[in-house]
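**Student:** Input: one structure, supplied below.
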Amino acid sequence: MSVQTHDAALPASLNPQDVLRRQVRWRVLEIIFWLATLLPFVLTPDYLVLCSQVAIAALFALSLDLLVGYSGLISLGHAVFFGFGAYTAGLIAKHGWGEPITGLAAAAFAAAVLGYLTSFIMVRISHFALIMVTLGLCLLVFELANQLHDITGGDDGLQGVRMWPIFGQYKFDLYGRVAYIYTLVVLFLAFLAVRRIVNSPFGLSLRGMRENQRRMPAIGVPMRSRLQVIYVISATFAGLAGGLLAQTTQFVALDALSFQRSAEVLVMLVLGGAGRLYGGLIGAIIFIVARDQLADMNPQYWYFWLGLLLVIVIIFLPNGILGGLAHLLSRLRSRRA
Amino acid sequence: MIPRIVSLLFDGFAYGMLLFVLSVGLSVTLGMMNFVNLAHGAFAMVGGYVAITLMNKAGWPFFATLPIAFLAAAAFSVVLERLLYRRLYRATDLDQSLLTIGIVFMSIAVAAYVFGTNQQPVQLPEYLRGRIVLGDFNFGVYRLFLIAAALVITVLMVIGLDYTRFGAQVRACVDNQRMARGLGLNVDNVFMLTFALGSGLAGLGGALAIEPMGLDPNFAFKYLVYMLIVVAVGGLASIRGAFLTAGLLGVIDIFSKYYVPEVGSFILYLVMVGLLIWRPAGLFARR
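Note that the protein sequences, when read in sequence, are chains A and B.
Residues are numbered in the working numbering as their position in the first sequence, beginning at 1, plus a constant of 2.
Residues are numbered in the working numbering as their position in the second sequence, beginning at 1, plus a constant of 4.
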């Protein structure tokens, strides 16, 4: 009885269930965004291969957002899980089982196992040591894959990946139509899952840990085990993205494990805005399209523009493009009021 | 057998000493100023390119280029510090790493644009080439020079930090910024000078590294990992730690490349990750 009166006394905006419920509700802009992902079929049918690259990068950035944006963990080596998933999916297909969906599940599972094993280390260290250990693991696995030439193909990449049609019906075609639908569906399902996770009480506790690493344990949140859980989830989605890349391109380059890839996905996330779900997606679109355009002009100097972009975003848009837009909107609104 | 081991030890130690010169500045910026400066390798590259240009285009002698390399890298770093770094002193590790990664990417592209992607040819003066033979053992003169230079720098730095007024100011600013400020020290200036010194040493290291390591636009990245290992394992802000770690790292790297070349850098990364898991603050951390 007293609980009820207490609840009634609270303004609706402070009621925790209400807060979560409001975040879960779909906004019009979100629906427009997801409908717009179908536009390439009509507007740019020649660029569908590029579009699936964008979708894969977006999924990868989304997985990193769970760590960097929502939990306040840093990783300079997230490509480990991406590459591990890619090699798993590629190897399974190469050795006679080309069924895409089970292959993808295996890639995600393998990355999850690797994530679980490494998570014990990651939640025990922080700051600079964490940066160095994630970087070190990335370099370590890269070297390992490079040396295991017989299994991974080393520098030449993993060749001879043959995929069967999806559901035994839809063959991966040259124009990338099936590949784009496939990656888009996986991305959307993963996005739904991530959206659910970050707006759950569990996701709220992650944000709490990001904001204050001392208070959360003090109010009884088992910090390490929560971080381990999100670490494994993030690794799973990264492995999923890697598996998609291996299946749609029917090839795995050593580059999938490289530090450059880890850095690039961070750039996408920061460019779009970390901790905002759509940040990684927007960042991936801008990044991949810009790379496609600029690298066409002069591949050697692409890194210059990438570096400049990074510096500008960090200095002028600390919360990424979406953060900047949100700031602008709230200023406009307050002026009107 | 023994002569080979001795000469490998010697080469490894000399290589380690070069790594020490390259990374001791990073230990200063990272450890003392708490700034994750991944562009340290880019400062070293600036020193290297300045030295090689003076030597090959202007015909300067090798030794005359070293102080210029130091000054050029220091000046470059001060410009960046004023323009970019100081805005991020209070930012997160992630923002700092990303900003400096951006600087590294840009510097690689600029170096490729100006100097091309090939390794720079270098001609050391006559008296630094050749080897000294002592019975069964022989030592490269340049390697000996590297070791001597690193020892001089270490002694100078220890004296500078422990026994001079400026050193006392640096230590005061590091230990307790607010207190130092309260006592009237200009903390910003002290940090800027320290930063310039550290980056200058990187520039000097870059000039010294042209011959043994080779100089191409990827230098900023390739050796960054080594520098980070020295600092991370040695413990932040510890000159002694950086010295010992660099020596050890050089020896491990040369030995593993000689005896198990197929494993590549694998052992190195494994040792680093293992050490960091065991002691996240570094082997010789002060705290």
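Where is the CB? At the ideal position from N, CA and C, for every residue including glycine.
(1) Against chain B, with Cβ distances strictly below 8 Å, would Gln295(A) count as a contact?
(2) Can you tell me whether Leu37(A) is buried or exposed? The criterion is at least 16 other CB atoms within 10 Å of its CB, across all chains shown.
(3) Three or more beta-carbon pairs under 8 Å between the segment 188 to 208 of chain B and the segment 64 to 84 of chain B, yes or no?
(4) List the residues that DSSP assigns as beta-bridge partners of Val137(B).
(5) From the DSSP secondary-structure annotation, give me the bridge partner or partners of Ile168(A).
(6) At least one CB of chain A closer than 8 Å to the CB of Arg133(B): is that the case?
(7) Could you give the C-beta distance for Ile243(B) and Val28(B), rounded to a whole number, given that I count them as a contact under 8 Å?
(8) If I measure Cβ to Cβ from Asp140(B) and keep anything under 7 Å in the same chain, skipping five residues before and after, which residues do I get?
(9) Alpha carbons only, please: which of Leu252(B), Ser260(B) and Glu266(B) is nearest the one belonging to Leu287(B)?
(10) Please classify Val163(A): does DSSP put it in a helix, a strand, or coil?
(11) Could you tell me whether the Cβ of Gln149(A) comes closer than 8 Å to any Cβ of chain B?
(12) For the segment 198 to 225 of chain B, which residues have a beta carbon sitting closer than 7 Å to at least one beta carbon of chain A?
(13) Listed from N- to C-terminal order along the chain, which residues in the segment 226 to 245 of chain A have their beta-carbon within a distance smaller than 7 Å of any beta-carbon of chain B?
(14) Applying the criterion that 16 or more other CB atoms from any shown protein chain within 10 Å of the CB defines a buried residue, is Ala95(A) buried or exposed?
(15) If you measure from the beta carbon of His129(A) to each beta carbon in chain B, is any gap under 8 Å?
(16) Where does Arg133(B) land, buried or exposed, given buried means 16+ other C-beta within 10 angstroms?
(17) From the DSSP secondary-structure annotation, give me the bridge partner or partners of Val254(A).
(18) Any C-beta of chain A sitting closer than 8 Å to the C-beta of Val28(B)?
(19) Would you mind working out which of Ala113(B), Met217(B), Gly204(B) and Tyr167(B) sits nearest Phe47(B), comparing C-alpha positions?
(20) Which residues of the segment 299 to 323 of chain A have a Cβ closer than 9 Å to any Cβ of chain B? Give them in chain order.
(21) Under 8 Å between C-beta atoms, does Ser31(B) make it to chain A?
(22) Report yes or no: is there a C-beta of chain B within less than 8 Å of the C-beta of Leu68(A)?
(23) Would you kindly work out how many angstroms separate the C-alpha atoms of Ile216(A) and Gly210(A), rounded to a whole number?
(24) Indicate whether at least one CB of chain A lies closer than 8 Å to the CB of Arg86(B).
(25) Taking DSSP as the reference, what is the three-state secondary structure of Asn193(B)?
(26) Within this structure, are the beta carbons of Leu61(A) and Ala195(A) separated by less than 8 Å?
(27) What does the alpha-carbon distance come out to for the pair Gly207(B) and Ile281(B)?
(28) Between the C-alpha atoms of Ile136(B) and Ser111(B), what's the straight-line distance to the nearest angstrom?
(29) Less than 8 Å between the beta carbons of Phe289(A) and Ala59(A), yes or no?
(30) CB-CB under 7 Å to Phe143(B), same chain, minus the five flanking residues each way: which ones, in chain order?
(31) Give, in chain order, every residue of the segment 110 to 140 of chain A whose Cβ lies closer than 7 Å to some Cβ of chain B.
(32) So Thr69(B) and Ala55(B) are supposed to be a Cβ contact under 8 Å. How far apart are they, rounded?
(33) Pull out every residue of the segment 265 to 284 of chain B whose Cβ sits closer than 8 Å to any Cβ of chain A, in chain order.
**Tutor:** Quick answer:
(1) Not closer than 8 Å to any Cβ of chain B, the Cβ of Gln295(A) fails to qualify, so no.
(2) Exposed, because fewer than 16 other Cβ atoms sit within 10 Å of the Cβ of Leu37(A).
(3) Short answer: they touch.
(4) Partner(s): Asn142(B).
(5) In DSSP, Ile168(A) forms a bridge with Tyr172(A).
(6) Judged by the 8 Å Cβ criterion, Arg133(B) is not in contact with chain A.
(7) Taking C-beta atoms under 8 Å as the contact rule, Ile243(B) and Val28(B) qualify, at a distance of about 6 Å.
(8) So the qualifying residues of the chain are Pro7.
(9) With distances taken between Cα atoms, Leu287(B) lies closest to Leu252(B).
(10) In the three-state scheme derived from DSSP, where H, G and I count as helix and E and B as strand, Val163(A) is classed as coil.
(11) Yes, Gln149(A) lies at the interface with chain B (some Cβ there is under 8 Å from its Cβ).
(12) Sequence-ordered contacts of the segment 198 to 225 of chain B with chain A are nonexistent [C-beta pairs closer than 7 Å].
(13) Residues: none.
(14) Looking at its Cβ environment, which holds 16 or more other Cβ atoms inside 10 Å, Ala95(A) is buried.
(15) By this cut-off, His129(A) is an interface position.
(16) A residue is called buried once 16 or more other Cβ atoms fall within 10 Å of its Cβ, and Arg133(B), having fewer, is exposed.
(17) DSSP output for Val254(A) lists Leu160(A) as bridge partner(s).
(18) False, the Cβ-Cβ gap to chain A never drops below 8 Å.
(19) In terms of CA proximity to Phe47(B), Gly204(B) leads the group Ala113(B), Met217(B), Gly204(B) and Tyr167(B).
(20) Listed by position, the residues of the segment 299 to 323 of chain A near chain B (Cβ gap below 9 Å) are Gln302, Tyr303, Trp304, Tyr305, Phe306, Trp307, Leu308, Gly309, Leu310, Leu311, Leu312, Val313, Ile314, Val315, Ile316, Ile317 and Pro320.
(21) Proximity of Ser31(B) to chain A, defined by a Cβ-Cβ separation below 8 Å, is not satisfied.
(22) No, no contact with chain B.
(23) Contrary to the premise, residue 216(A) reads as Arg rather than Ile in this sequence. Rounded to whole angstroms, Arg216(A) to Gly210(A) spans 10 Å at the Cα level.
(24) Using a CB distance cut-off of 8 Å, Arg86(B) does not count as an interface residue toward chain A.
(25) In the structure shown, Asn193(B) sits in a helix (DSSP, three-state: H, G or I).
(26) Against a cut-off of 8 Å, the Cβ pair of Ala195(A) and Leu61(A) comes out as no contact.
(27) C-alpha separation (whole angstroms): 31 Å.
(28) About 38 Å.
(29) When the beta-carbon positions are compared, Phe289(A) and Ala59(A) come within less than 8 Å of each other.
(30) A distance below 7 Å between beta-carbons, with the five flanking residues on each side excluded, links Phe143(B) to the following residues of its chain, in chain order: Phe14, Arg135 and Ile136.
(31) Within the segment 110 to 140 of chain A, the qualifying residues are Ile123, Ile127, His129, Phe130, Ala131, Ile133, Met134, Val135, Gly138 and Leu139.
(32) 4 Å between Cβ atoms; contact.
(33) Listed by position along the chain: Glu266, Val267, Gly268, Ser269, Phe270, Tyr273, Leu274, Met276, Val277, Leu280, Ile281 and Pro284.
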